[in-house]
Structures are given as structure tokens and as C-alpha cells.
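Enquirer: Residue numbers (full-length UniProt numbering), protein chains in the order written: chain X, 1 to 462; chain H, 1 to 160. Virtual Cβ for every residue (Gly too), placed ideally from N, Cα, C. Dropping the structure in here first, questions after.
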Amino acid sequence: MSQVSTTPKPRRNVELALLLLALAVGIGANMMVGVDQEKAFDSDFWFQSSLLAAAALVFHGVLRFRAKYADPVILPIVVALNGLGLAMIHRLDAPGGDTGNNQLRWTLIAMAVAIAVVFFLKDHRILRRFTFISLAASALLLILPLVPGISAGEVLGARVWIRFGSMTFQPGEVAKITLAIFFAGYLSSNRDLILLAGRKIGPMQFPRFKDMGPMITAWLVSIGVLVFQRDLGSSLLFFGLFIVMIYVATSRISWVVIGLALIIGGGFVAAQVFAHVQQRVYGWLNAFSPDVYENGSRQVIEGLFGMANGGLVGTGLGQGRPDLVPFANSDMIIASLGEELGLIGLFAVVLLYLLFFTRGFRASLGTRDAFGKLLACGLSFAVVLQCFVVIGGVTRLIPLTGLTTPFLAAGGSSLLANWIIVGLLLMISHAARGPVDTTPLPPAEAAAAPGIDTPTEAVKQS
Amino acid sequence: MSDLTITALRFGFLLLLWVLIFSIVSAMRRDLMVGRKAAAGAPTARQVRRNPELADAPPQPVKQQARQLVVVEGPLKGRTLPLAASPILLGRAQEATLVLEDDYASGRHARLFPQGSRWFIEDLGSTNGTYLGDQQLTRALPVEPGVPVRIGKTVIELRP
Numbered sequence: 001m002s003q004v005s006t007t008p009k010p011r012r013n014v015e016l017a018l019l020l021l022a023l024a025v026g027i028g029a030n031m032m033v034g035v036d037q038e039k040a041f042d043s044d045f046w047f048q049s050s051l052l053a054a055a056a057l058v059f060h061g062v063l064r065f066r067a068k069y070a071d072p073v074i075l076p077i078v079v080a081l082n083g084l085g086l087a088m089i090h091r092l093d094a095p096g097g098d099t100g101n102n103q104l105r106w107t108l109i110a111m112a113v114a115i116a117v118v119f120f121l122k123d124h125r126i127l128r129r130f131t132f133i134s135l136a137a138s139a140l141l142l143i144l145p146l147v148p149g150i151s152a153g154e155v156l157g158a159r160v161w162i163r164f165g166s167m168t169f170q171p172g173e174v175a176k177i178t179l180a181i182f183f184a185g186y187l188s189s190n191r192d193l194i195l196l197a198g199r200k201i202g203p204m205q206f207p208r209f210k211d212m213g214p215m216i217t218a219w220l221v222s223i224g225v226l227v228f229q230r231d232l233g234s235s236l237l238f239f240g241l242f243i244v245m246i247y248v249a250t251s252r253i254s255w256v257v258i259g260l261a262l263i264i265g266g267g268f269v270a271a272q273v274f275a276h277v278q279q280r281v282y283g284w285l286n287a288f289s290p291d292v293y294e295n296g297s298r299q300v301i302e303g304l305f306g307m308a309n310g311g312l313v314g315t316g317l318g319q320g321r322p323d324l325v326p327f328a329n330s331d332m333i334i335a336s337l338g339e340e341l342g343l344i345g346l347f348a349v350v351l352l353y354l355l356f357f358t359r360g361f362r363a364s365l366g367t368r369d370a371f372g373k374l375l376a377c378g379l380s381f382a383v384v385l386q387c388f389v390v391i392g393g394v395t396r397l398i399p400l401t402g403l404t405t406p407f408l409a410a411g412g413s414s415l416l417a418n419w420i421i422v423g424l425l426l427m428i429s430h431a432a433r434g435p436v437d438t439t440p441l442p443p444a445e446a447a448a449a450p451g452i453d454t455p456t457e458a459v460k461q462s
Numbered sequence: 001m002s003d004l005t006i007t008a009l010r011f012g013f014l015l016l017l018w019v020l021i022f023s024i025v026s027a028m029r030r031d032l033m034v035g036r037k038a039a040a041g042a043p044t045a046r047q048v049r050r051n052p053e054l055a056d057a058p059p060q061p062v063k064q065q066a067r068q069l070v071v072v073e074g075p076l077k078g079r080t081l082p083l084a085a086s087p088i089l090l091g092r093a094q095e096a097t098l099v100l101e102d103d104y105a106s107g108r109h110a111r112l113f114p115q116g117s118r119w120f121i122e123d124l125g126s127t128n129g130t131y132l133g134d135q136q137l138t139r140a141l142p143v144e145p146g147v148p149v150r151i152g153k154t155v156i157e158l159r160p
């Protein structure tokens with residue numbers, strides 16, 4: 001574990017400068033999409049731009065006095081991505097469509113929740129107390145869409161939605177956060193047991209079942225529920241999260257080997273057993289054959305044609321026809337951006353995700369407690385794996401699954417969950433980059449004033 | 001609007017995207033240095049495990065001043081435990097290296113581990129906390145021989 005020797009610097013002014021640049025990207029994109037249709041500066045444009053800018057600057061202001069040492073580039077990256085997504089969704093709105101404004105509404109809600117996370121969560125170590133509550137919450141969130149009454153039924157072949165009145169929500173998105181909290185909390189206190197106890201078979205050391213029990217249960221619950229919900233993408237996401245966190249905690253390459261073997265084996269079995277998976281894989285391998293195109297691969301192929309049409313520099317925002325692709329503003333938004341911004345623009349978007357990921361890992365390296373390290377790793381990895389699954393699906397590297405592109409795609413639950421991740425990463429990076437915090441974690445009962453050594457009341461643990 | 005303006009705006013926007021990326025990268029350039037030692041090619045944890053001779057600390061605790069752990073107070077008073085090169089788990093749980101028969105200790109209370117020539121203690125999220133001297137642990141701290149470590153009603157010390 002390396003320690004940074006530089007003196008802590010808040011660098012909030014750097015953040016402000018980058019944030020203004022990011023807003024220029026988001027608002028510029030929003031202006032570009034209508035520039036030749038005489039609707040460049042209509043009321044929608046002013047409304048959306050000013051609200052986005054105001055929300056981003058409020059977030060910046062809150063960071064200034066609440067988390068002074070938080071990473072200065074995370075917020076600009078996310079605002080730029082979110083602004084690009086808003087512009088693209090606004091552009092794809094059919095006349096009179098409301099998706100753009102709906103997305104803006106969710107952006108504001110999500111940012112408000114992220115600000116609340118920064119404001120009220122003084123110390124990310126508090127989350128460690130909720131290790132097992134998080135496990136229960138994850139299980140609950142994953143089961144919710146199967147409960148009759150609140151389930152929104154089967155939408156597009158997957159049962160992942162719940163309904164409150166007219167609103168729908170995808171609880172699986174939030175479950176990735178609670179699962180990451182559980183894995184981080186459990187692994188940070190049981191790492192040694194998993195590492196040291198257990199018997200050796202050949203060159204590999206297997207942990208005892210007792211130590212691995214809760215982890216295996218968590219994994220089985222998430223995979224099991226997802227098989228019943230028929231959501232391949234989330235299943236891949238949770239499994240990847242599980243493998244990466246256990247690898248980071250134990251630094252044993254055998255976990256990665258076992259994980260990859262399980263993914264390949266599981267994928268093979270799933271392709272044999274489940275009709276919908278089989279259809280997906282077949283559609284992926286034979287995407288260009290006409291009969292598959294008619295019922296299955298049309299979306300991906302149209303997206304590929306769109307990106308090919310865009311070429312290196314793209315058709316320009318508002319100039320292409322990404323609206324020909326089904327779900328151009330949610331599942332296929334990467335293809336839409338690829339068509340209008342070209343390879344150069346798409347690489348910029350991918351690079352923004354990559355930079356976000358490196359900042360998450362940087363926070364993880366810098367923070368001093370094992371729980372924070374694992375949590376930052378897990379959360380930033382979840383975002384980047386989701387990007388890989390989506391972009392890989394759109395570019396036909398892997399079968400297309402129904403995951404959302406973080407921060408870009410239309411959809412409220414995804415935005416909300418990803419902005420909460422941003423809030424948590426900002427808090428962890430604040431702890432990582434700030435001066436060493438030597439005050440003890442305040443006991444649950446009485447929040448001790450910093451610096452005062454309150455004698456802890458002896459509680460008999462059962 | 002003329003085609004020329006639109007084309008200029010189009011390329012201008014791509015340029016703006018990359019200006020953002022380069023500004024971000026230059027803003028974090030200083031941050032990319034993760035300590036001098038890592039850059040100088042210090043062996044990673046895995047390399048050390050494969051080839052123990054890479055570890056800059058000697059594999060056998062020759063230089064470690066502390067050679068044994070002594071329980072100086074509490075139900076287990078008088079117990080000693082030799083310190084080898086592997087970490088020690090303290091707690092009430094049966095799998096702990098030193099099983100504390102102490103009602104005020106958590107199942108997996110704290111962990112003592114060697115790093116370099118010193119031993120460090122880290123609290124594992126225990127209910128009642130771990131105290132090094134009179135300071136409650138919030139992160140891993142080095143334990144010098146003779147400094148009392150209090151876990152519940154048990155006090156342990158490292159001895160040469």
C-alpha cells in the first residue's frame with residue numbers, strides 16, 4: 001500500500017475550471033443538435049442548459065465546504081457525460097416528445113441525491129456498519145420485480161422493473177451499490193481468514209466453506225434472481241463485481257481464473273438451457289443473416305450501419321439519422337453518439353469513462369482503511385464493467401444485453417444509482433486526499449466530537 | 001446557417017471534447033505519481049509471494065525486535081505466543097490465532113501483521129475498539145515492544 005507524500009491540496013479551483021469546460025461540452029452539444037433546424041436557442045434549450053449548469057455549480061459549491069479535498073476531476077467528467085447524454089436524448093425526441101425533459105428531471109433528482117450523500121455522509125466508514133443490512137437490502141431489491149402487485153411485469157423479455165403509480169424503477173441498479181457495500185464490508189474483515197485458513201489442494205488454496213458462506217450466498221442470490229428475471233447483463237455485472245472484489249481483497253490470481261472459467265461454463269450452460277439466451281447468442285453470431293435480422297439483430301445491425309455512416313469524424317450532431325435504430329436513446333445511445341460524433345468523438349466518450357475509472361482506483365489506492373479501498377474499487381469497477389458490457393454489445397464484441405450506459409442513456413434508475421456512486425467516490429477520495437484523519441470513528445450511540453477521546457461504553461457482544 | 005459554419009461548429013465541438021480530456025489529464029498528472037517507491041519498481045505483493053527473496057524485509061523475523069506476544073492482563077494472563085512471519089488474528093472466534101476468552105472482545109477483533117521490521121495492529125471493526133497505549137485505533141499503526149495493546153479486558157504486549 002503506497003502512501004502519497006505530497007501535502008494535501010483541495011484543488012477546488014481546478015475543479016471549477018474543468019467543470020465550466022464540461023458544461024461547455026454538454027451545453028454546446030445541446031446547441032449543436034438543433035443548430036440548423038432553427039430550434040438551436042428555443043426555450044427548451046435555455047431551460048435545460050441553465051438547469052444543468054445550476055445543478056453542477058451547486059454540487060461544486062457543496063463540495064467546496066463539505067468535502068474540500070474530494071477529487072477535482074470526477075465531477076467534471078460526470079457532468080460532461082451527463083450533458084452529452086441529455087443533448088443526444090433531446091435530439092432524438094420526436095416532436096412533442098418528453099424524454100429529454102424527463103431525463104433532465106431525473107438528472108436533477110439524481111444530483112440532489114448525490115449532493116445529499118456528500119452532505120450527510122461525513123465518513124464513508126459508517127457504511128461498514130451496514131454490511132449485512134446491505135446484503136438483505138440487495139436481496140430485497142433484486143426480488144422486488146418478481147413480487148406481484150408492484151412488479152411491472154415482463155418488459156422487453158426481462159422482469160426487472162417495478163411500478164409506483166405511473167413511475168417505473170429498476171431496483172437492480174441500486175442493488176449494485178448495496179452489493180458493493182456488502183462485499184467491501186465482509187471482505188475487509190474476513191480477508192485474512194479467506195487467505196490463511198483453509199486447505200491446500202495442489203497449488204491452489206481453497207478457503208473453508210464457513211468463511212466463504214456469506215459470499216457464496218450473496219452470489220447465488222444475485223445470480224439466481226437474475227436467472228428468474230432473465231436479465232443477462234446484470235447477471236454479468238454482479239458476477240464481475242464479485243470476482244473483482246474478492247481478487248482485490250486477497251490478491252490471488254486463482255479467483256480470476258475460477259471466475260473466468262465459471263463465466264464461460266455458465267454462459268455455455270445458459271446458452272443450452274434458456275431459450276432467450278440461446279436466441280441472443282445465435283443472433284449475435286449470425287447477426288447479418290437476413291432471417292436473424294428480421295427478428296432479433298436488427299437493433300445491433302442498424303447501430304453498426306449508423307456508426308459506419310458516421311465514420312471517423314461523424315455526421316455532426318443533429319445531422320445523422322440515429323433515430324432509425326430502435327431504442328436509440330437508451331440501449332443504443334453509444335451507436336447514436338458514434339454516428340454523430342464519429343470514431344474521434346466516441347473515443348473521447350470512452351476515454352472519459354476510463355478517466356473516471358482511474359480516479360475511482362486512485363481514491364481506492366489513497367484511502368487508508370480497507371473498507372474504503374474495497375468499496376471504491378468495487379463501485380468504480382461496476383461502472384466500467386457496465387460500460388464494457390454495453391459498448392461491447394453495441395459494437396458486437398459480445399452479445400447485446402439490456403444494461404444501461406452509465407450517465408448517458410435515458411432512464412432514471414440508472415442515473416440515480418450512478419450519481420450515488422459518484423457521491424460515494426467523492427467522499428472516499430476526500431478521505432484519501434485530505435490530511436490524515438486520526439479521530440476515531442464516532443461510536444454509533446453518541447457522535448463524539450472530533451479530538452475528544454470519549455471512553456467507549458463496553459457493550460457485551462453476543 | 002451556412003454549411004461552412006455548421007462544419008466549423010462540428011469540428012469545433014470534437015476539438016472541445018478533446019480539449020476537455022487533455023485538461024483533465026493534465027490536471028491529474030501530478031496525482032498519477034503513487035509514491036516514489038512504486039515507480040522505482042518495488043515488487044508487487046504477488047511477486048513477493050512467488051519469490052520471497054524479493055521482499056525487502058527479511059523473510060524470517062531476524063531483524064524484528066519483537067519475538068513474542070505476551071498477555072499481561074485479562075483472563076488469559078501469562079499466555080505467550082511466538083511471533084512468526086505470518087499475521088495474527090485476535091478475537092473470540094475459534095479460528096483466531098489467539099482465542100481471547102474475553103466477553104468484551106469481538107469475534108474477529110484485531111489483526112497483528114508484520115511489515116518491514118515492525119509489527120502493525122489493525123482493528124477489524126470491533127464493537128469495543130482496540131487501544132494502542134491510550135489511543136483508539138482508526139487505522140493500522142506500528143506496535144513497539146512494551147507498548148500495551150488493550151482489547152476488551154485483555155492487554156497484550158510485544159516482547160523482544
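1. Please determine, among H:Val70, H:Leu90 and H:Ala93, the residue with the shortest C-alpha to C-alpha distance to H:Pro82.
2. In the DSSP assignment, find the alpha helix (DSSP H) that holds H:Ile88 and state where it starts and stops.
3. Please decide whether X:Leu18 counts as near chain H, where near means a Cβ-Cβ distance under 9 Å.
4. Going by the C-beta, is X:Leu135 closer than 8 Å to any heavy atom of the ligand FAD?
5. Check the Cβ of X:Arg64 against every Cβ in chain H and list those closer than 7 Å, keeping chain order.
6. Under the DSSP definition of a beta bridge, which residues are partnered with X:Ala139?
7. Does the separation of the CB atoms of X:Tyr282 and X:Val269 fall below 9 Å?
8. Could you name the residues of the region 352 to 376 of chain X whose beta carbon sits closer than 9 Å to any beta carbon of chain H, in the order they occur along the chain?
9. Give, in chain order, every residue of the region 75 to 87 of chain H whose Cβ lies closer than 9 Å to some Cβ of chain X.
10. Check H:Ile156 in the structure and name its three-state DSSP category.
11. Taking residue 191 of chain H as the query, report the chain X residues whose CB atoms sit under 8 Å from its CB, ordered along the chain.
12. Taking 9 Å as the threshold (beta carbon to beta carbon), is X:Pro8 in contact with chain H?
13. 9 Å is my cut-off, CB to CB: does H:Val149 come that close to chain X?
14. Which of the three DSSP states, helix, strand or coil, is assigned to X:Ile398?
15. What is the rounded straight-line gap between the Cα of H:Arg111 and the Cα of H:Glu95?
16. At a Cβ threshold of 9 Å, is H:Lys63 touching chain X?
17. I'd like the span of the alpha helix (DSSP H) that includes X:Gln48, first residue to last.
18. Can you list the residues of chain X that H:Ser23 reaches, using a CB-CB cut of under 8 Å?
19. Is it true that the CB of X:Gly342 sits closer than 9 Å to the CB of H:Leu16?
20. Identify the continuous beta strand (DSSP E) that holds X:Phe130 and give its terminal residues.
21. Going by beta-carbon coordinates alone, are X:Met245 and X:Phe347 separated by less than 9 Å?
22. Output yes or no for whether 9 Å exceeds the beta carbon distance between H:Val147 and H:Leu137.
23. Taking 9 Å as the CB-CB limit, is H:Glu122 close to chain X?
24. In terms of DSSP beta bridges, what is H:Trp119 paired with?
25. Assuming X:Leu104 and X:Leu408 make a contact with CB atoms under 8 Å, what is their CB distance in whole Å?
26. Name, please, each residue of chain X whose Cβ falls closer than 7 Å to the Cβ of H:Leu9.
27. Give the secondary structure of H:Val70 by DSSP, where H, G and I count as helix, E and B as strand, and everything else as coil.
28. How big is the Cα-Cα spacing for X:Ala335 and X:Leu86?
29. Can you give me the C-alpha to C-alpha distance between H:Leu89 and H:Arg139, rounded to a whole angstrom?
30. Using 8 Å as the cut-off, can you tell me whether the region 356 to 367 of chain X makes contact with the region 423 to 430 of chain X, which would need three or more C-beta pairs spanning the two stretches below that distance?
31. In the DSSP assignment, what are the bridge partners of H:Pro82?
32. Tell me the residue span of the beta strand (DSSP E) that contains X:Val327.
33. Suppose the cutoff is 7 Å on Cβ atoms and the five residues either side in sequence are ignored; what does the same chain contact list for X:Val277 look like?
34. Which value, in whole angstroms, describes the spacing of the CA atoms of X:Pro322 and X:Ile420?
35. So, X:Arg433 versus X:Asp71, is the Cβ gap smaller than 9 Å?
36. Taking 9 Å as the CB-CB limit, is H:Arg139 close to chain X?
Expert: Let me spell this out:
1. If you number the second sequence from 1, residue 82 of chain H lands on position 82. Proximity to H:Pro82 across H:Val70, H:Leu90 and H:Ala93 peaks at H:Val70, based on C-alpha coordinates.
2. Position 88 of the second sequence, counting from 1, holds the residue named residue 88 of chain H. Looking at the DSSP string, H:Ile88 is not in any alpha helix (DSSP H); the run it does join, the beta strand (DSSP E), is Ile88 to Gly91.
3. Counting from one through the first sequence, the residue named residue 18 of chain X turns up at place 18. For X:Leu18, a Cβ of chain H is located within less than 9 Å of the residue's own Cβ.
4. In terms of ligand content, the structure shown is empty, and the ligand FAD therefore cannot be addressed.
5. The count along the first sequence starts at 1 and reaches residue 64 of chain X at position 64. Result: empty, since nearest Cβ-Cβ is about 17 Å, beyond 7 Å.
6. Position 139 of the first sequence holds residue 139 of chain X. In the DSSP assignment, X:Ala139 forms no beta bridge with any residue.
7. Taking the first residue of the first sequence as position 1, residue 282 of chain X is located at position 282. Taking the first residue of the first sequence as position 1, residue 269 of chain X is located at position 269. Taking 9 Å as the Cβ cut-off, X:Tyr282 and X:Val269 do not qualify as a contacting pair.
8. Listed by position along the chain: Leu352, Leu355, Thr358, Arg359, Arg362, Leu365, Gly366, Arg368, Asp369, Ala370 and Phe371.
9. Those residues of the region 75 to 87 of chain H that come within reach of chain X (Cβ to Cβ, closer than 9 Å) are Ser86 and Pro87.
10. Stepping through the second sequence from its first residue, residue 156 of chain H is reached at position 156. DSSP places H:Ile156 in strand when its eight states are reduced to three.
11. Since the first residue shown for chain H is 1 and the last is 160, residue 191 of chain H is missing from the structure and cannot be characterised.
12. On the first sequence, residue 8 of chain X is found 8 positions in, with the first residue counted as 1. In terms of beta-carbon proximity, X:Pro8 stays away from the interface with chain H, with every pair separated by 9 Å or more.
13. Taking the second sequence and counting its residues from 1, one reaches residue 149 of chain H at position 149. No - not a single Cβ of chain X is within 9 Å of the one on H:Val149.
14. One-based indexing of the first sequence puts residue 398 of chain X at position 398. Here X:Ile398 sits in coil by DSSP.
15. Numbered from 1 along the second sequence, position 111 holds the residue referred to as residue 111 of chain H. Numbered from 1 along the second sequence, position 95 holds the residue referred to as residue 95 of chain H. Taking the CA atoms as reference points, H:Arg111 sits about 13 Å from H:Glu95.
16. Your numbering for residue 63 of chain H matches position 63 in the second sequence. Below a pLDDT of 50, predicted positions are generally treated as unreliable, and H:Lys63, at 48, falls in that range; no measurement from the model is reported.
17. If you number the first sequence from 1, residue 48 of chain X lands on position 48. For X:Gln48, the uninterrupted alpha helix (DSSP H) run begins and ends at Ser43 to Arg66, by DSSP.
18. Position 23 of the second sequence holds residue 23 of chain H. Within chain X, Ala17, Leu18 and Leu21 have C-beta atoms less than 8 Å from the C-beta of H:Ser23, given in sequence order.
19. Position 16 of the second sequence holds residue 16 of chain H. Position 342 of the first sequence holds residue 342 of chain X. No. Outside cutoff.
20. Within the first sequence, numbered from 1, the residue matching residue 130 of chain X stands at position 130. No beta strand (DSSP E) contains X:Phe130, which DSSP labels as neither H nor E.
21. As a working note, residue 245 of chain X is residue 245 in the first sequence. As a working note, residue 347 of chain X is residue 347 in the first sequence. Taking 9 Å as the Cβ cut-off, X:Met245 and X:Phe347 do not qualify as a contacting pair.
22. To locate residue 147 of chain H, count along the second sequence from 1; it is residue 147. To locate residue 137 of chain H, count along the second sequence from 1; it is residue 137. A distance of 9 Å or more separates the beta carbons of H:Val147 and H:Leu137.
23. Residue mapping note: residue 122 of chain H aligns to position 122 of the second sequence, counting from 1. So, interface residue.
24. Along the second sequence, read from residue 1 onward, the residue named residue 119 of chain H stands at position 119. For H:Trp119, which the question treats as bridged, DSSP gives the partners H:Pro114 and H:Val143.
25. The residue labelled residue 104 of chain X in the question sits at position 104 within the first sequence. The residue labelled residue 408 of chain X in the question sits at position 408 within the first sequence. Not a contact, Cβ separation roughly 14 Å.
26. Numbered from 1 along the second sequence, position 9 holds the residue referred to as residue 9 of chain H. Within 7 Å Cβ-Cβ: Met32 and Val35.
27. If you number the second sequence from 1, residue 70 of chain H lands on position 70. Under the three-state reduction of DSSP, H:Val70 is assigned to strand.
28. The count along the first sequence starts at 1 and reaches residue 335 of chain X at position 335. The count along the first sequence starts at 1 and reaches residue 86 of chain X at position 86. Distance between the alpha carbons of X:Ala335 and X:Leu86 is about 15 Å.
29. Translated into positions along the second sequence, residue 89 of chain H becomes position 89. Translated into positions along the second sequence, residue 139 of chain H becomes position 139. Rounded to the nearest whole angstrom, the CA to CA distance from H:Leu89 to H:Arg139 is 16 Å.
30. Yes: at least three Cβ pairs fall under 8 Å.
31. Translated into the one-based positions of the second sequence, residue 82 of chain H becomes position 82. Note: H:Pro82 sits in a beta bridge opposite H:Gln68.
32. One-based indexing of the first sequence puts residue 327 of chain X at position 327. Residue identity differs from the one stated: residue 327 of chain X is Phe in this sequence, not Val. DSSP places X:Phe327 outside any beta strand (DSSP E), giving it a letter other than H or E.
33. Working through the first sequence from its first residue, we reach residue 277 of chain X at position 277. Taking C-beta separations shorter than 7 Å and ignoring five residues to either side along the sequence, the partners of X:Val277 in its chain run Leu232, Ala270 and Ala271, following chain order.
34. Residue 322 of chain X sits at position 322 when you count from the first residue of the first sequence. Residue 420 of chain X sits at position 420 when you count from the first residue of the first sequence. About 30 Å.
35. Within the first sequence, numbered from 1, the residue matching residue 433 of chain X stands at position 433. Within the first sequence, numbered from 1, the residue matching residue 71 of chain X stands at position 71. For X:Arg433 and X:Asp71, yes; Cβs fall inside 9 Å.
36. On the second sequence, residue 139 of chain H is found 139 positions in, with the first residue counted as 1. Interface residue, yes.
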